[in-house]
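Structure, as structure tokens:
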Amino acid sequence: MGKQLDMISIALGGNPNCGKTTLFNELTGARQHVGNYPGVTVEKKEGYSSLNGKDIHIVDLPGTYSLTAYSQDEVVARNYLTESKIEAVVDIVDASNLERNLYLTVQLLELGVPVCIALNMVDAAEKRGITIDDKKLSELMGVPVVPTIARTGKGKQEVLAEVTKLAGSEKQPREFNISYGDDLDNALIEMEKIIRQHNFLTGFYPARWVGIKYLENDELIIEKGDASNKAVSDELKQVVKTVSKHLEATLDTYPEAMISDYRYGYIASVLKQDVIKRKRDTSNLELSDKVDKVLTNRIVGPLIMAAIVYGLYQFVFTYSETPVAWVENIFGWLNGLASDNMSDGLLKSLVVSGIIDGVGGVLGFVPLIMFMFFGISILEDSGYLARVAFMLDKVFAAFGLHGNSVMAFIVSGGIAGGCAVPGVMASRTLKSPREKLATLLTVPFMNCGAKLPVMALLVGAFFGKNEAMMMFIITLIAWGGALIVAKVLRMTLISGPPTPFVMELPPYRLPTIKGLLIHTWERTWQYIKKAGTIILGISIILWAMMTFPGLPESDLAVFENQRETIMQAAGAEVLSEIETAADNEEAELSAAAADVKAQLVSVDMQEAEKALRGSIAGSIGTAMEPVSQAAGFDWRTNIALVGGFAAKEVVVSTLGTAYSLGEVDPEETGSLGETLQNDPNWNPLVALSLILFTIFYAPCFVTVVAIAREAGSWKWAGFSMAFNTVLAFSIAALVYQIGSTFGFLVG
Ligand code: GDP
Ligand code: MG
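Its first residue numbered 179, the sequence shown is counted upward by one per residue in this note's numbering.
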């Protein structure tokens, strides 16, 4: 049938028994006829209606619950929707059975056709004590919703008016993407890229939809794909295979089940937002819903959330203490081994100070990281993190962010130990460019896995009694700061209206031990790998910057002279006593020998410090000192912070190297934490100031690149570097100044 100018073409879809045929009859009256869909025996009813002189061609699709390829009805409905150029679908939804009916709606929306929901049988629902807030439903799902009573024809004119509007609008309908969890979302991003690159089946279907069908193992689409381009189709199958294996191993599930879980989760969270009001309470709620009644309760929910996060920190710091000490001992032993067996010189300095004391400081926290990741995996795999996001949505909206931002925050290390790079990428799920920008500029404040060793080092060394509480406070400061900055940005540089939000709430699951271990190991291994490659590389560069150019001959001679003088004054007997004692750890030095040794050590330390200060990095750190002192940072800390621009772990490794280079007697050294504790330049106030600075200052280099890419310009990436650093320094300096004026935390 050729399309006429003044005619629009629509379809009626819906579950069996939703009142489709009744509405069809109401709309078309006598202007209808029955035929068959081409090639199949499924009955095809079509008819005509009109509105304001415009003819509307209507097809009554077979009733289906889904758009998979399980039944002929589903295939017919789906093919009609994709292959005939209809302008809109009226999705008829049974008001008293919303949850199940919306499952089809979600699939229609994913298919990319413009949808108008006819909320049918509102009379019957009313009788059962159910009222639906259609405005809210419309706002949350982003589609028009018209309450109807098909049996009396109530609402049919409004339905026609809405579909005419949909059909006439030039604009594409709002893109509808729901998240299917991290694993599948990433697979979909990858597949979408492949699909778009090759225009694979895109003449018929949206790219993401094709990806979803491959994940669902939809035979018809895969068959079509094979016929269209076998190579691309195989590539997609490979992605599916990989992610399927991963899901099987970690969550004991498969993509199709996961997809359906997340669709229902999405619907559940739409309905949870006061869309349905029931007069009499229903006692047959699902277990997940019952648990949610408590865990996402307005008052109890946040308290439980705080308790869980605090409990996690308590668990991590309590149980990781011993294994962290083991790993530190291993590196201490390695240090001793290298010190004893290598001859003095640059290579030894590189191995001991640059590699063992630098990278070792970062690797020392592997057990702590592992415990943290284990706890977070439990929260994530059980479905609790999704609830956290759900609860924080209202708070986020108040600060100009979006419910989807919560997940980006958590991914970035909202609880601890994430990474801002995937956090920045997660902001892609935000439709509003302003909310997206506000999100990607604030996620770097979270406590990512790279900041974790910095926090652990400082908290462990200076707040040893209240580690968990301190970590909890750090988390609150990071979130509070991020929210305030977001609010300020949204009121100034990127102001604009908020968009509604629907969070997918997957059902609770009991995490499997295997899944937890795999997730924990994957993340821990990332951390170790990064320490062994990137951090190692940067450590070596920083070691070189802290070592060269080295002291000039004249200075070396001065220190050599001082040593000579001390030794000559000491006499042969004392010197030989010191020498023998060096080979025998048990030996006690006489008072005279101990004094001479102390003098010699003091000269060595002065020499090392002078060399370090005169090095390239030392000059930079020293040059910054007049300013950085306002926040309590000395020149060594400055070097570490400059290194931290590359990656935040480098703050720890650089401090390790800087203090190691000044060290003379390896036998005497404890962990870096102990060294800092004993250093007169350090106290809890300095540590707090450094913690605050580390939370807020410029994102690491990789994150900056990610921000530039997601924001679409280097301008915002540059902004985030400059703005964050100024902000961080202001906060750190303010706290340090107040603290030192009133004598807080200085003891
Ligand atoms: P279909 O399977 O989707 O085509 O559904 P039908 O149009 O055959 O309707 C199924 C039943 O629901 C019929 O008995 C209709 O009379 C009834 N029905 C349809 N719409 C309404 C409505 O808005 N209110 C009430 N109370 N009943 C309706
Ligand atoms: Mg029917």
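Just so it is clear, CB atoms sit at the ideal spot from N, CA and C, and this is done for glycine as well.
Supposed close pair residue i, residue j - CB separation, criterion 8 angstroms
| i | j | result |
| --- | --- | --- |
| residue 596 | residue 547 | Contact doesn't hold; Cβ gap of about 11 angstroms is too wide. |
| residue 454 | residue 662 | 35 angstroms between Cβ atoms; not a contact. |
| residue 433 | residue 418 | 7 angstroms |
| residue 786 | residue 728 | With 8 angstroms as the limit, residue 786 and residue 728 do not qualify as a contact, their Cβ atoms being about 11 angstroms apart. |
| residue 536 | residue 834 | 5 angstroms |
| residue 293 | residue 321 | 5 angstroms |
| residue 868 | residue 636 | 6 angstroms |
| residue 275 | residue 241 | With 8 angstroms as the limit, residue 275 and residue 241 do not qualify as a contact, their Cβ atoms being about 13 angstroms apart. |
| residue 385 | residue 696 | Residue 385 to residue 696, Cβ: 30 angstroms. No contact. |
| residue 827 | residue 628 | 5 angstroms |
| residue 232 | residue 186 | 7 angstroms |
Where residue i falls, given that 16 or more other Cβ within 10 Å makes a residue buried
| i | result |
| --- | --- |
| residue 723 | buried |
| residue 285 | buried |
| residue 235 | buried |
| residue 436 | buried |
| residue 522 | exposed |
| residue 506 | buried |
| residue 622 | buried |
| residue 477 | exposed |
| residue 749 | exposed |
| residue 667 | buried |
| residue 500 | exposed |
| residue 335 | exposed |
| residue 382 | exposed |
| residue 374 | exposed |
| residue 769 | exposed |
| residue 461 | The predicted model places residue 461 with a pLDDT of 46, which falls under 50 and marks its position as unreliable, so this point remains unresolved. |
Proximity winner among the options, relative to residue i (alpha-carbon distances)
| i | options | result |
| --- | --- | --- |
| residue 812 | 658, 914, 766 and 897 | 914 |
| residue 327 | 201, 643 and 660 | 201 |
| residue 898 | 747, 860 and 671 | 671 |
| residue 673 | 636, 799 and 579 | 579 |
| residue 271 | 347, 251, 315 and 305 | 315 |
| residue 532 | 703, 466 and 718 | 718 |
| residue 859 | 809, 709 and 452 | 809 |
| residue 838 | 563, 514, 295 and 777 | 514 |
| residue 600 | 885, 251 and 247 | 885 |
| residue 570 | 604, 483 and 448 | 483 |
| residue 614 | 493, 709 and 890 | 890 |
| residue 905 | 354, 193, 443 and 656 | 656 |
| residue 199 | 329, 395 and 256 | 329 |
| residue 585 | 576, 573 and 564 | 564 |
| residue 390 | 730, 358 and 375 | 358 |
| residue 488 | 892, 653 and 751 | 653 |
| residue 539 | 714, 576 and 319 | 714 |
| residue 603 | 592, 593 and 583 | 583 |
C-beta atoms of residue i and residue j nearer than 8 angstroms
| i | j | result |
| --- | --- | --- |
| residue 338 | residue 291 | no |
| residue 832 | residue 720 | yes |
| residue 698 | residue 552 | yes |
| residue 626 | residue 598 | yes |
| residue 606 | residue 888 | yes |
| residue 814 | residue 781 | no |
| residue 829 | residue 800 | no |
| residue 297 | residue 325 | yes |
| residue 188 | residue 341 | yes |
| residue 820 | residue 861 | no |
| residue 879 | residue 836 | no |
| residue 753 | residue 745 | yes |
| residue 440 | residue 356 | yes |
| residue 793 | residue 725 | yes |
| residue 694 | residue 559 | yes |
| residue 503 | residue 640 | no |
| residue 267 | residue 191 | yes |
| residue 193 | residue 226 | no |
*In chain order, which continuous runs of the beta strand (DSSP E) of length 3 or greater are located wholly inside the segment 309-381?*
323-325
*Segments assigned alpha helix (DSSP H), at least 4 residues, entirely inside the segment 622-683*: Correct list: 629-640 and 645-669.
*Kindly provide the ranges of any alpha helix (DSSP H) runs that are 4 or more residues long and lie completely inside the segment 535-568, ordered along the chain.*
538-541 and 544-559
*Can you give, in chain order, each stretch of the beta strand (DSSP E) that sits fully within the segment 224-301 and has at least 3 residues?*
232-238, 266-272 and 293-298
*beta strand (DSSP E) runs contained entirely in the segment 444-497, provided each spans 3 or more residues*: 454-456
*List in chain order the residues whose CB is within less than 6 angstroms of at least one heavy atom of the ligand NAP.*
Absence of the ligand NAP from the depicted structure is noted, with the ligand GDP and the ligand MG being the only ligands included.
*asked:* As an exercise, report each continuous alpha helix (DSSP H) stretch of at least 4 residues that is fully enclosed by the segment 376-450, in chain order.
replied: 385-393, 397-406, 408-429 and 433-450
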